[in-house]
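Note sheet for the following structure.
In our numbering, the protein residues as written are 306 to 582.
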């Protein structure tokens, strides 16, 4: 079994409990305007060109498929094809650091965009007793989610906007499927973490968080609800893709305090950027 892997980050503290190995998979059905991993949108690798790293030597001939000839990494593809075993070799190196809460997190993009590859990785991790999590938009077919959930120790799900039309305008897709999947989590025994990447004047208003809280209240295994301040990460990726980098702002501290109060009033523990609010 093979799949497209955009990156593997070791020793992460930001993608689930404890110390984690984070495996980024190619492909995503959403087109979030503020996305910091736009190279993962396509189901297949896309060419990247970083002009500030190029010496103009001509070794690559200006072709992405000759990226291996570039010594400075100015030209590359967004992902490489890897086998399950190749990914597992990296994961196993970090296993001594996982105790007591760590493990591996599969993200993207949307990791469920490569369901067969993801399931094969999760099954191998389960066979080796390696704790697993995914970071997902929940814009996932129900039959795929049904197969994935039993192989997880933690589910981390994003909900950018609770209103379907606002969600469509900001991400390019409706959240109907996402909300159905959230409803399906009401009976799960799996620990669930929900996160919202907050962008000023896009989704940091009271109404969005109030609506989101109503979606989350029925989740019996919700661990916490985390607000993630917008960070201008990945701007160089837009340049490498030949696109204009987005210009967004993070919400103010005052706005975050107000939103945390809404969450607390609903009886849900709020976090901001990994810190208890």
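Glycine residues also receive a C-beta, built at the ideal position from the N, C-alpha and C atoms.
Note that this is a predicted model, so its numbers are computed, not measured.
Excluding sequence positions up to five before and after residue 462, its CB lies within less than 6 Å of the CB of 441, 443 and 499, all in the same chain and listed in chain order. Going by beta carbons, residue 526 and residue 493 fall inside the 8 Å limit. For residue 352, the enclosing beta strand (DSSP E) stretches over residues 352 to 354.
A straight line joining the alpha-carbon of residue 359 with that of residue 375 spans about 9 Å. In the structure shown, the three-state DSSP call for residue 489 is helix. In the DSSP assignment, the residues bridged to residue 438 are 410 and 459. Between the alpha carbons of residue 575 and residue 450 lies a gap of roughly 26 Å. In the DSSP assignment, residue 424 falls within the unbroken alpha helix (DSSP H) covering 420 to 432. Residue 468 sits in coil when the DSSP states are folded into three classes, being neither helix nor strand. Taken through DSSP and simplified to helix, strand or coil, residue 322 comes out as coil. Taking residue 490 as the centre and dropping the five residues before and after it, the same chain places the C-beta of 497 and 524 closer than 7 Å to its C-beta, in chain order.
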